[in-house]
Amino acid sequence: MSTETVAHRLVELCRQGKFDVAQNELFADSARSIEMEGVPNAEAVGMDAIRQKGRDFDATLTQVHTVTVSEPVVADGFFSIVMGLDATYKEGGRRSMTEICVYEVANDKIVREQFFYRPN
């Protein structure tokens, strides 16, 4: 699968809210996930840790109102998207945020994701 194919498939699945399917289908077992510096558990290595990070984040939410995902920008083994989230959190109430998500693809799988945003 080319980087462009991986990118478009990730966008398709995220727009459908199928984040687990995206991870299972598109990520390498040894993938790294990196949040902004200073965020608790800012780096997860391996799919078990990445899945746990997702479960931990989901546990902070009471309701997801909308998720938006831009078209990908693809360049030689990397791609980026803008992802937006409007959600109600257990602590802090309803908030909206956007982030730049950068992905690295090797051997047809996402091997690294890194997120850039302003922490609340």
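Heads up, the sequence shown is in the working numbering, so the first residue is 7 and it goes up one at a time.
All C-beta atoms in this analysis are idealised placements derived from N, C-alpha and C, irrespective of residue type, glycine included.
In three-state terms, what does DSSP make of Ala-65?
coil
(request) Pick out whichever of Gly-23, Asp-64, Asn-113 has its Cα sitting closest to the Cα of Met-7. (result) Asn-113
Going by DSSP in three states, Arg-100 sits in which element: helix, strand or coil? strand
Worksheet entry | Beta-carbon proximity check, Ala-34 vs Pro-78, cutoff 8 Å | no
Using CA coordinates, which residue listed in Glu-119, Ala-81, Ile-116, Leu-91 is at the minimum distance from Arg-100?
It is Leu-91.
C-alpha distance - Val-70 paired with Lys-24, whole-angstrom precision:
13 Å
Mark Ala-48 as exposed unless 16 or more other C-beta atoms lie within 10 angstroms of its C-beta, in which case mark it buried.
-> exposed
Q) What's the gap between the Cα of Ser-102 and the Cα of Arg-124? A) 11 Å
At which residues does the alpha helix (DSSP H) containing Ala-13 begin and terminate? 9-21
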